[in-house]
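As numbered in the working numbering, the sequence shown has no gaps in its residue numbers, which increase by one up to the final residue, 303.
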Amino acid sequence: MHFTLLLISVSVAIAFRLAWKTSASDWNTRWQMALGVFLFSPLLLITSAIAILCMGPRGQMVQTWEGWGSYGIAIGFLGLGVVLMMQLARQAGRSLKEIDQLPQEIILSTPARLLKSSTPFIAQIGFWNPELVISDGLLDTLDEAHLQVALTHEEAHRHYRDTFWFFWLGGLRRLTAWLPNTEALWQELILLRELRADRWAAQRTDGLLLAEALLSIVSASQVESEPWMAALNDSKPQTRLNERIDALLDESEPLPEKSYTVWIGLSIVLLPLFVIPFHS
C-alpha cells in the first residue's frame, strides 16, 4: 500500500508537469494555470510522504521490506525539504543582515536603504515587510519622474507580498528541481509577477514612463532575483522585456481579479491524507 501510494504520487506529479504548456491567455488565466501546475506536484508529494510517515512502516497491508523502504523514502524527502528551507532561510538572513548595515535615506518620500554601487538596482528585499534597496547607480540613471514610477512598481511588490510568497515557492522549486518543467514554470511565475506589478504601477502613474525606466535599468544591468527579492531589474531581458513593455503599452488589460479556482483545484493533493484511517 505504501509503495503503491508513493509510485502513484510520483507518476501523477511527473505526468501533471509534462502536460503543462505556456499559453497566450490573459494574465489571470496564465497566473492561475502556472501557479496551480507549479504547486500541485510538490504538494502532492509532500502530502503523500506525510501520509506514509503517519501510517508508519508496519501494518497488515504492508510487506516488511516495502514498509521500511517507503517509510525511509518519505522521511528522506521531508527531511530534505526541511534542510533546503533552512538553507534558504539562512541565506536570506545573511542578506538581510547586510542590508541592515546600509544607510537609510528618504527618496521621494519613500524610506529606502542606499546601496553604494554604480550598477542601477532597485528591489524589495525581505519577507512579509521587505525593505526597499536602491543603488547610487539607479539615482544617477533615472530622473525624478522615472524614479517615481520605479518606486511605484516596487510598492506593488510590497502590496502583493511577493517577497514572502515567492520565498516559499522558491523552496518548493529547490525541493522538486528534478521534476519536468520546474525551471520553466518558475520563470513563467517570475514574469507574471512582474507583469502584475507593472500593471499595478501603470494604473497609478504613467505606463510609458515605467516602460522607459525599465528599458534604462535593464540595458545597464542584469540581476538574478532570489526568492526573497522582488526587483524591477530583469535577469532575462531578452525573453521578458518585450512582453513587459507590450503589456504596459496595452491599456486594455485590466488588473487581475482575485480567484480561488487554483486553491479549489489543489484540494485534490489532500487525497493521500484520507488513506491514513484505512491503514492498520
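For every residue, glycine included, the Cβ atom is placed at its ideal position computed from N, Cα and C.
Fair warning: this is a prediction, and the values are worked out from it, not measured in the lab.
Cβ neighbours of Leu165 in the same chain (closer than 7 angstroms, five flanking residues each side left out): To locate residue 165, count along the sequence shown from 1; it is residue 142. Answer for Leu165: Ala173, Ala236 and Ser239, listed in chain order.
Selected residue, minimal CA-CA separation from Leu66, among Pro134, Trp209 and Leu192: Numbered from its first residue, the sequence shown carries residue 66 at position 43. Leu66 has its Cα closest to that of Leu192, out of Pro134, Trp209 and Leu192.
Terminal residues of the beta strand (DSSP E) in which Thr136 lies: In the sequence shown, counting from the first residue as 1, residue 136 sits at position 113. For the sequence presented, residue 136 should be read as Arg rather than Thr. Thr133 to Leu138 is the extent of the beta strand (DSSP E) around Arg136.
CA-to-CA distance, Leu68 to Val60, given in whole angstroms: Here residue 60 refers to the residue found at position 37 of the sequence shown. Here residue 68 refers to the residue found at position 45 of the sequence shown. If you take the alpha carbons of Val60 and Leu68, they lie about 13 angstroms apart.
Buried/exposed call for Ser46, threshold 16 Cβ in 10 Å: For this step, residue 46 is matched to residue 23 along the sequence shown. Exposed, because fewer than 16 other Cβ atoms sit within 10 Å of the Cβ of Ser46.
Distance, Ile287 Cα to Ile299 Cα: Numbered from 1 along the sequence shown, position 276 holds the residue referred to as residue 299. Numbered from 1 along the sequence shown, position 264 holds the residue referred to as residue 287. Approximately 22 angstroms between the Cα atoms of the pair.
Cβ neighbours of Val292 in the same chain (closer than 6 angstroms, five flanking residues each side left out): As a working mapping, residue 292 is identified with position 269 in the sequence shown. Same-chain partners within the cutoff: Leu66, Leu67 and Thr70.
Option nearest Pro153 by Cα separation, candidates Ser140, Leu138, Leu161 and Asp185: As a position in the sequence shown, residue 153 is number 130, starting the count at 1. Taking only the C-alpha atoms, the option nearest Pro153 is Asp185.
Contact belief for Ala179 with Ala224 at Cβ below 8 angstroms, rounded distance in angstroms: Taking the sequence shown and counting its residues from 1, the one referred to as residue 179 is at position 156. Taking the sequence shown and counting its residues from 1, the one referred to as residue 224 is at position 201. Contact flag correct, Cβ pair sits at about 5 angstroms.
For Ile37, the first and last residue of its enclosing alpha helix (DSSP H): Taking the sequence shown and counting its residues from 1, the one referred to as residue 37 is at position 14. First-last of the alpha helix (DSSP H) with Ile37: His25 to Leu41.
Segment contact, 8 angstroms Cβ cut-off, at least three pairs: the stretch 199 to 216 with the stretch 36 to 44: yes
Presumed contact (8 angstroms Cβ cut-off) between Leu271 and Gly230, rounded CB distance: Counting from one through the sequence shown, the residue named residue 271 turns up at place 248. Counting from one through the sequence shown, the residue named residue 230 turns up at place 207. Indeed they touch by this definition, with Cβ atoms about 4 angstroms apart.
Neighbourhood of Met108 by C-beta distance below 7 angstroms, restricted to the same chain and skipping five residues each side: The residue labelled residue 108 in the question sits at position 85 within the sequence shown. Hits under 7 angstroms: Gly194.
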